[in-house]
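For the sequence shown, counting from 1, position 383 maps to 383 in the UniProt record's numbering; every step adds exactly one.
Here the structure is laid out as structure tokens; the discussion comes afterwards.
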Amino acid sequence: MIRHKGPISGIATHGGRYVATAGYDNQVILWDAATRRPLARAVHDHLANHVAFSPDGRYLLSSSSDYTARLWSVPDLVLRAAFSEHGDDVEMGVFHPERELVATASRDHHVRVYDYGGRLVASFAGHRADVISVEWLAGTDELVSSSDDGTVKRWSLTTGALVSDIDLDGVETDTIAITAAGLVYAGNDRGEVVRLTESGTRNFPAHEAGIKRLVWNEDAGTLVSLSYDRTVKIWRIGADGTPALAASASLPAAVWPRSCAFLDKDTLVFGTFGSCYAVYDTVRDAWDLGGVGQTPALNAVTVSQGRVYTIGDCGVVHVDGKPAAETGSLCNFLIAAGGRVLTGGQLGRLFDADTGAVLLEHRSPLNCAAAFERGGVPHVVVGAYTGEGLVLRVDGGRVEHVATLPLHANAVKGLAVADGTLFAVCADTSAAWFSTDTLTETGRLQAAHGKIANGCAALPGGRFASVSRDLSLRLWRGTSATVLPTPHDHSVKCVAASGDGRRIATGSYFGTLAVHDTATGEWSVTRPATAGISSLHYDAAADRFLATSYDGAVHELA
């Protein structure tokens, strides 16, 4: 049966009849909205990020990390055109409301416009970082785009020029929504809904963590916001454009707060970490997760006391391949310290990986962790999507929160500790150094990487390695780095180093493993999976690297 095998990252609807989903399993699936039965499937060469229906429902546009957007006929999902001029992931694509044109937003910093035949009509350059969102202004040939550079830009297809450029104080803005009257709203990483007008901007506090998606419903006159604080909020827009909160709901553990769409004026559909989408009745405040089954994707692996622990999207801890504990939702990391193994993820909760017991709750998802000793006592630091580092004392069977470090202003993507120094890399490309003795900052670089940093590892002598979407491996000595090009041609997701630091393993979203020999300067490359490599761990006892992939496999690299 057709089902997703990885998280559903994008969702769209048409006429109350169809639902389309895009998944991290590379699949695009068309569903019958009435029965939630799959009707057809299409496949990208890499992660599918977003889907959108044409105004007449005859076509579906999908956007992917394979650097393409693709046009499919509905309902058979036959490929009609591929838009392939992008130099990086395509995050989003939208149809022109009246003409046979589509616009795409790419992490190569460009907005592009194509016709239905696949011909490039226009390319807009001007953003200084990844373009995450794009929308057409109703009744015009103008587009609005938002970017990780903290700006919202307006472009004219007629003149090919930049019409306006609004700086949102450098705050990353993942999503925009535009009403038929031309009111523009943005959702930023501070959890604010921002109203943009010709006279300026006005910020409305909305969430406790970053807003990942805004969705406008013209018929209902409502704006929906999704946040990593794991709430969905519905706003009524007043005559003056001011949003007023109409309803709020907590998201079930299976729902990924990245995408949603209106099925009708009272019903929303959401992407999930499971095999099917979720449905929410806003009138009855009722969720329907029927058919949302577990997926096999793995996100982390570690070895403790000779046993191999894994965890992934379904939140089930496996030990030596057998289920051991359940956490209830996607988890991102595993860390061993003080005789315990800890895990955490989207719910913002820290769990005991052997029992599933909740040890700590935070306001945003937990992304990564590192272990160290302080005063001879085991400690762990956990990195959050909201930039904090939660320092925990793990001693005598107790886990105690002892400090919160201001690591970054954005999601912490990787943590490592060596010789009394904590190294933290961030989604905003920055890196920071802290003393594990005093828990104070000792160094910071705002532009430490060319693009989003994804992970880091400790090296002997208080040194570190880090990887990024810029396809480079950085070897850090203090706050100075030697930058090495890697053999990867897609974003490098993770890194781990052997105990002596000679071998540094890197894994990419394209399923490639590349190991760098620091003594010879040589790389060895293999591709054990068509799904992305999600994590790497060096098992010192066996002198091997373990890599997990999004297809649920664990790969060994001696």
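C-beta: ideal position from N, C-alpha, C; glycine also.
Worksheet item: Going by Cα to Cα distance, which pick from Val43, Ala177, Gly291, Asn299 is closest to Thr35?
Response: Within the sequence shown, numbered from 1, the residue matching residue 35 stands at position 35. Comparing Cα-Cα distances from Thr35 to each of Val43, Ala177, Gly291, Asn299, the minimum goes to Gly291.
Worksheet item: Any idea if Asp169 is buried or exposed, counting beta-carbon neighbours within 10 angstroms, 16 or more meaning buried?
Response: Position 169 of the sequence shown, counting from 1, holds the residue named residue 169. Looking at its Cβ environment, which holds fewer than 16 other Cβ atoms inside 10 Å, Asp169 is exposed.
Worksheet item: Expressed to the nearest angstrom, what Euclidean distance is found between the alpha-carbon atoms of Thr173 and His490?
Response: Locating residue 173 in the sequence shown gives position 173, where the first residue counts as 1. Locating residue 490 in the sequence shown gives position 490, where the first residue counts as 1. Straight-line Cα distance between these residues: approximately 24 angstroms.
Worksheet item: What residues match up with Cys368 in a beta bridge as DSSP calls it?
Response: The residue labelled residue 368 in the question sits at position 368 within the sequence shown. Beta-bridge pairing links Cys368 to Gly383.
Worksheet item: Buried or exposed: Ala177, going by 16 or more other Cβ atoms within 10 Å of its Cβ?
Response: If you number the sequence shown from 1, residue 177 lands on position 177. Per the 10 Å Cβ criterion, buried.
Worksheet item: Hey, Ala453 and Ala431: beta-carbon distance below 8 angstroms or not?
Response: Here the question's residue 453 lines up with position 453 in the sequence shown. Here the question's residue 431 lines up with position 431 in the sequence shown. Yes; because the gap between Cβ atoms is below 8 angstroms, this pair is in contact.
Worksheet item: Which residue comes first and which comes last in the beta strand (DSSP E) that contains Ser63?
Response: What you label residue 63 is simply residue 63 of the sequence shown in a count that begins at 1. Residues 59-64.
Worksheet entry | Residues near Val78 in its chain [Cβ-Cβ closer than 7 angstroms; skip 5 each side] | Counting from one through the sequence shown, the residue named residue 78 turns up at place 78. The answer, listed in chain order, is Trp72.
Worksheet item: Which stretch, first to last residue, makes up the beta strand (DSSP E) that contains Arg236?
Response: Position 236 of the sequence shown, counted from the first residue, corresponds to residue 236. Element bounds for Arg236: 231-237.
Fill in: Segment limits, beta strand (DSSP E) that includes Pro323
Here residue 323 is taken as the residue at index 323 of the sequence shown, counted from 1. Here the beta strand (DSSP E) through Pro323 covers 322-326.
Fill in: Coarse secondary structure for Gly462, derived from DSSP in three states
If you number the sequence shown from 1, residue 462 lands on position 462. It is helical.
Item to complete: Answer yes or no: do Gly210 and Ser227 have a C-beta to C-beta separation smaller than 8 angstroms?
Response: On the sequence shown, residue 210 is found 210 positions in, with the first residue counted as 1. On the sequence shown, residue 227 is found 227 positions in, with the first residue counted as 1. Yes, the Cβ-Cβ distance between Gly210 and Ser227 is below 8 angstroms.
Practice prompt. Examine the Cβ distances between the segment 380-390 and the segment 405-412 and report whether three or more of them are shorter than 8 angstroms.
Written response: yes
Discussion item. Assuming the contact rule is C-beta atoms closer than 8 angstroms, Arg363 and Glu208 should be a hit. Round their C-beta distance to whole Å, please.
Written reply: What you label residue 363 is simply residue 363 of the sequence shown in a count that begins at 1. What you label residue 208 is simply residue 208 of the sequence shown in a count that begins at 1. Sure, about 5 angstroms apart at Cβ, within 8 angstroms.
Worksheet entry | Within 8 angstroms, strictly: CB atoms of Val412 and Cys456 | As a first step, residue 412 is located in the sequence shown; it is residue number 412 there, counting from the start. As a first step, residue 456 is located in the sequence shown; it is residue number 456 there, counting from the start. Cβ distance not < 8 angstroms, so Val412 and Cys456 don't count as in contact.
Worksheet entry | Segment contact, 8 angstroms Cβ cut-off, at least three pairs: the segment 442-451 with the segment 473-483 | The segment 442-451 vs the segment 473-483: in contact.
Item to complete: Kindly give me the distance between the Cβ atoms of Ser535 and Val301, rounded to whole angstroms, as I take these residues to be in contact under 8 angstroms.
Response: Mapped onto the sequence shown, residue 535 falls at position 535. Mapped onto the sequence shown, residue 301 falls at position 301. In this structure, Ser535 and Val301 form a Cβ contact; the two beta carbons are roughly 6 angstroms apart against a cut-off of 8 angstroms.
Worksheet item: So, are the CB atoms of Ser54 and Phe95 less than 8 angstroms apart?
Response: Locating residue 54 in the sequence shown gives position 54, where the first residue counts as 1. Locating residue 95 in the sequence shown gives position 95, where the first residue counts as 1. Yes, Cβ-Cβ distance for Ser54 and Phe95 is below 8 angstroms.
Worksheet item: Can you round the beta-carbon distance between Phe262 and Val317 to whole angstroms, since I take them to be within the 8 angstroms contact cut?
Response: In the sequence shown, residue 262 corresponds to position 262, counting from 1. In the sequence shown, residue 317 corresponds to position 317, counting from 1. Not quite, the Cβ-Cβ distance comes to about 36 angstroms (not below 8 angstroms), so this is no contact.
Worksheet item: Short check: CB of Thr295 to CB of Cys276, under 8 angstroms?
Response: Sequence index remark: in the sequence shown, residue 295 carries index 295 (1-based). Sequence index remark: in the sequence shown, residue 276 carries index 276 (1-based). Result no, Cβ atoms of Thr295 and Cys276 do not sit closer than 8 angstroms.
Item to complete: Identify, in the order they occur along the chain, each residue of the same chain with its Cβ nearer than 7 angstroms to the Cβ of Gly501, setting aside the five sequence neighbours on each side.
Response: Within the sequence shown, numbered from 1, the residue matching residue 501 stands at position 501. Result list for Gly501: Leu459, Pro460, Thr518, in chain order.
Fill in: Where the beta strand (DSSP E) through Leu405 begins and ends
Here residue 405 corresponds to residue number 405 of the sequence shown, with the count starting at 1. 398-406 is the span of the beta strand (DSSP E), which, as asked, contains Leu405.
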